[in-house]
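Engineer: Residue numbers for the sequence shown, in my numbering: 144 to 311. All residues carry an ideal CB built from backbone N, CA and C; glycine is no exception. Quantities reported herein were computed from a predicted structural model and do not represent experimental measurements. I have a structure I would like to understand better, so I am pasting it below and will then ask my questions one at a time.
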Amino acid sequence: MSVLKRYAYDSPQWIESGTFQGSTTAVLESWGATVFTIEPEPTLAAAAKERFDSSAKVTVCEGLSEQVLPTLLATLNGEVALWLDGHFSAGGTYKGPTMTPILAELSAVAGSLHRFEKVTIFIDDVRLFVSSDHDSTDYPPLGSLVNWAESNGLSWLIEHDIFVATSG
């Protein structure tokens with residue numbers, strides 16, 4: 144959480160892909176942020192809806208992030224932070240059509256950047272993007288994240304296994 148706090152603590156609007164148990168959602172909510180959390184696995188989405196039912200700051204969106212994000216992003220403006228962690232990690236996490244929908248997620252974000260005063264994008268588990276065995280995974284090479292950030296005018300860095308791209 145220290146990386147999220149350091150680079151986007153004050154962001155009033157957060158989007159999180161991959162709710163899982165809702166621990167990140169709960170922290171973001173405690174910071175006073177509005178949180179849109181996307182969970183594709185129906186049982187986990189139902190549990191998150193129940194857990195955050197009494198919160199006016201949390202909206203649980205059930206579905207694939209690559210399908211939910213374009214519509215959700217179109218409703219936001221101002222300052223936005225995204226925690227993109229919606230990838231298959233074994234255990235109880237959701238395995239969608241790909242191991243990671245990151246390229247589709249970033250494409251959706253790129254289409255909305257013009258509406259945001261400030262944006263910070265966090266991509267978790269960046270070590271998975273540096274594998275030399277890209278033929279057996281859906282993870283693009285790290286260079287594709289760097290190229291995306293730079294082509295969209297964002298600064299980027301890597302800290303604690305998290306790729307951070309920001310406009311501010």
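How long is the line joining the alpha carbons of Gly161 and Trp226, rounded to whole angstroms?
Structural biologist: Locating residue 161 in the sequence shown gives position 18, counting from the first residue. Locating residue 226 in the sequence shown gives position 83, counting from the first residue. So the two alpha carbons sit approximately 9 Å from each other.
Engineer: Determine the contact status of Asn295 and Ala253, defining contact as a CB-CB distance below 8 Å.
Structural biologist: Here residue 295 refers to the residue found at position 152 of the sequence shown. Here residue 253 refers to the residue found at position 110 of the sequence shown. Cβ distance < 8 Å, so Asn295 and Ala253 count as in contact.
Engineer: Alpha carbons only, please: which of Leu288, Thr168, Glu260 and Ala251 is nearest the one belonging to Val201?
Structural biologist: Position 58 of the sequence shown, counted from the first residue, corresponds to residue 201. Nearest C-alpha to Val201: Thr168.
Engineer: On the CB-based measure, 16 or more other CB atoms within 10 Å of its CB, does Gly286 come out buried or exposed?
Structural biologist: On the sequence shown, residue 286 is found 143 positions in, with the first residue counted as 1. It counts as exposed.
Engineer: Within its chain, find whatever has a CB closer than 7 Å to the CB of Leu256; leave out the 5 residues flanking it on each side and keep chain order.
Structural biologist: As a working note, residue 256 is residue 113 in the sequence shown. Cβ within range, chain order: Val262 and Asn295.
Engineer: Spatial neighbours of Ile158 within its chain, please: CB distance less than 6 Å, with the 5 preceding and 5 following residues excluded, ordered by chain position.
Structural biologist: Here residue 158 refers to the residue found at position 15 of the sequence shown. Excluding five sequence positions before and after Ile158, the CB atoms of its chain that fall closer than 6 Å to its own CB belong to Phe179 and Leu225, given in chain order.
Engineer: Applying the 10 Å Cβ sphere with the 16-neighbour rule, what's the burial state of Leu216?
Structural biologist: The residue labelled residue 216 in the question sits at position 73 within the sequence shown. Flag for Leu216 reads buried.
Engineer: Does Gly165 pass the burial test, meaning 16 or more other C-beta atoms within 10 Å, or should it be called exposed?
Structural biologist: In the sequence shown, residue 165 corresponds to position 22, counting from 1. Buried, since its Cβ has 16 or more Cβ neighbours within 10 Å.
Engineer: Alpha carbon to alpha carbon, what distance is there between Glu184 and Arg258?
Structural biologist: Taking the sequence shown and counting its residues from 1, one reaches residue 258 at position 115. Taking the sequence shown and counting its residues from 1, one reaches residue 184 at position 41. So the alpha carbons of these two residues sit roughly 30 Å apart.
Engineer: By DSSP, does Glu248 sit in helix, in strand, or in coil?
Structural biologist: Sequence index remark: in the sequence shown, residue 248 carries index 105 (1-based). Note: Glu248 maps to helix in three-state DSSP.
Engineer: Ends of the beta strand (DSSP E) at Trp299?
Structural biologist: Translated into positions along the sequence shown, residue 299 becomes position 156. Trp299 -> beta strand (DSSP E) spans Ser298 to Glu302.
Engineer: Looking only at its own chain, which residues have a Cβ that is under 7 Å from the Cβ of Tyr152, when we skip the five neighbours before and after it?
Structural biologist: On the sequence shown, residue 152 is found 9 positions in, with the first residue counted as 1. Within the same chain, Tyr152 has close Cβ partners Trp174.
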